[in-house]
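Working notes, beginning with the structure itself.
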Amino acid sequence: AQSVTQPDIHITVSEGASLELRCNYSYGATPYLFWYVQSPGQGLQLLLKYFSGDTLVQGIKGFEAEFKRSQSSFNLRKPSVHWSDAAEYFCAVGGADSWGKFQFGAGTQVVVTP
Amino acid sequence: DTAVSQTPKYLVTQMGNDKSIKCEQNLGHDTMYWYKQDSKKFLKIMFSYNNKELIINETVPNRFSPKSPDKAHLNLHINSLELGDSAVYFCASSRRGTGNTGELFFGEGSRLTVL
C-alpha cells in the first residue's frame, strides 16, 4: 500500500533562512512524487514533480527537491525563504497505474518570521 | 481564466439538507476528481471520472453521488447532510496517457459547514 509521511507538522523559519521539508514515501512500483503548496483559503498549487531522470528537480518559486530511492525520500528545499512562502506544504505519491489516486502526506505548516 | 473552478466557494447548511457542488475545468483534461480535506488538513480521494466513466469510488457513504455530464464537468451531490460532512471539498483534474504523469490541478475548494 502506498503511504506518505511528513514528519514535521509545523516548521518556523526566519525570512532569508533556508528551508527543508521532509517527505518519506512507501510505494510498490516506480513512484511519481509531487510537492504541493496550499496558501490559506486557497487550493493546492503544484510546486514540482519527479517521475524519472535527474533526481534533483527544480520547481516554481525557487523550490527544489531531491529524490533518494535508497532512503524513500523526496525532501523539498529552498535556499532563502520569503514571507510569502508561509503556507501548508503537502507531499504526494502516485504512479502510472494510480489513476490520480494520490496518497497525500498530512502536510507541514511553514511559518515565516521577520 | 480559472483552470479548475468550483461553485459555491462556501456552503452553510442544516443537517438533513441536500446540497450540490459544481466543478468545471478548461484545461482539456480527461480525468476529474473529488478530494475531501478534513479539519486536520488531511486530503483523501473520494471519486474519479475518466471520460465520464467512474473509475475510482472510494469508501464513501452513498449519500454522496458524483455526476459527470461531460469531460469538463464534475458535480457532487450530497443527500441528508450530517455534521461529519463538514470539510473542504476539492475538485481536481489531470491528463492521463503515455507521457503524462497525471499531476493534479486543483480548484480553490468548497468549504461546507453543516450546522
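If you're matching them up, the sequences are chains D and E in order. Numbering-wise, our numbering puts 54 at position 54 of the first sequence, and it's gapless, one number per residue. Numbering-wise, our numbering puts 1092 at position 92 of the second sequence, and it's gapless, one number per residue. Note that the Cβ used here is the ideal one computed from N, Cα and C, for glycine as well. Here the structure is a predicted model, which means the values were calculated and not measured.
Buried versus exposed call for residue i [16 or more other C-beta atoms within 10 Å across all chains shown]
| i | result |
| --- | --- |
| glutamine 6 of chain D | buried |
| asparagine 1050 of chain E | buried |
| histidine 1029 of chain E | buried |
| glycine 53 of chain D | exposed |
| alanine 1 of chain D | exposed |
| valine 57 of chain D | buried |
| valine 1012 of chain E | exposed |
Alpha carbon of residue i to alpha carbon of residue j, nearest angstrom
| i | j | result |
| --- | --- | --- |
| serine 1065 of chain E | asparagine 1057 of chain E | 10 Å |
| alanine 1003 of chain E | histidine 1073 of chain E | 12 Å |
| phenylalanine 115 of chain D | glutamate 1053 of chain E | Residue 115 of chain D lies beyond the stretch modelled for chain D, which goes from 1 to 114, so this question has no answer here. |
| threonine 30 of chain D | serine 98 of chain D | 11 Å |
| glycine 41 of chain D | threonine 1113 of chain E | 14 Å |
| threonine 113 of chain D | arginine 1111 of chain E | 29 Å |
| valine 4 of chain D | valine 37 of chain D | 16 Å |
| lysine 1071 of chain E | threonine 1031 of chain E | 7 Å |
| aspartate 85 of chain D | aspartate 1018 of chain E | 38 Å |
| glutamate 15 of chain D | valine 1060 of chain E | 42 Å |
| leucine 1027 of chain E | alanine 1087 of chain E | 26 Å |
| glutamate 88 of chain D | threonine 12 of chain D | 12 Å |
Residue i: contacting residues in chain E (beta-carbon distance under 7 Å)
| i | result |
| --- | --- |
| phenylalanine 67 of chain D | Ordered by position in chain E, no residue passes the 7 Å Cβ test against phenylalanine 67 of chain D, which lies about 13 Å from the chain. |
| leucine 47 of chain D | By Cβ distance, chain E contributes nothing, its closest Cβ being about 11 Å from leucine 47 of chain D, past 7 Å. |
Residue i: contacting residues in chain E (beta-carbon distance under 8 Å)
| i | result |
| --- | --- |
| alanine 106 of chain D | Lys1040, Lys1041 and Phe1042 |
Proximity test, Cβ basis, 8 Å: residue i and chain E
| i | result |
| --- | --- |
| glutamate 88 of chain D | yes |
| leucine 56 of chain D | no |
| phenylalanine 63 of chain D | no |
| glutamine 42 of chain D | yes |
| phenylalanine 51 of chain D | yes |
Any C-beta of chain D under 8 Å from that of residue i
| i | result |
| --- | --- |
| glycine 1028 of chain E | no |
| threonine 1113 of chain E | no |
| glycine 1016 of chain E | no |
| isoleucine 1056 of chain E | yes |
| glutamate 1108 of chain E | yes |
| glutamine 1089 of chain E | Sequence check: residue 1089 of chain E is tyrosine here, not glutamine. No, no contact with chain D. |
Neighbour list for residue i in chain D, Cβ cutoff strictly below 7 Å
| i | result |
| --- | --- |
| serine 1094 of chain E | Gly100 |
Within chain C, partners of residue i - CB distance below 7 Å
| i | result |
| --- | --- |
| phenylalanine 34 of chain D | Annotation note: the requested chain C is absent from the structure, which comprises protein chains D and E. |
Interface partners of residue i on chain D, CB under 8 Å
| i | result |
| --- | --- |
| tyrosine 1049 of chain E | Within 8 Å Cβ-Cβ: nothing; tyrosine 1049 of chain E doesn't reach chain D, min ~10 Å. |
Interface partners of residue i on chain E, CB under 9 Å
| i | result |
| --- | --- |
| glycine 94 of chain D | Thr1101, Gly1102, Glu1103 and Leu1104 |
**Report entry** Three CB pairs or more closer than 8 Å across the segment 1036 to 1047 of chain E and the segment 1008 to 1017 of chain E
**Finding:** no
Query raised in the report: Counting pairs of beta carbons, one from the segment 36 to 49 of chain D and one from the segment 17 to 26 of chain D, are three or more of them closer than 8 Å?
Result: Note that the segment 36 to 49 of chain D does not touch the segment 17 to 26 of chain D; fewer than 3 beta-carbon pairs, one per stretch, sit closer than 8 Å.
Requested in this report: Kindly confirm or deny that the segment 97 to 112 of chain D and the segment 1071 to 1086 of chain E touch, where touching means at least three C-beta pairs closer than 8 Å.
Outcome: With a cut-off of 8 Å, the segment 1071 to 1086 of chain E and the segment 97 to 112 of chain D do not count as touching, because too few Cβ pairs lie within range.
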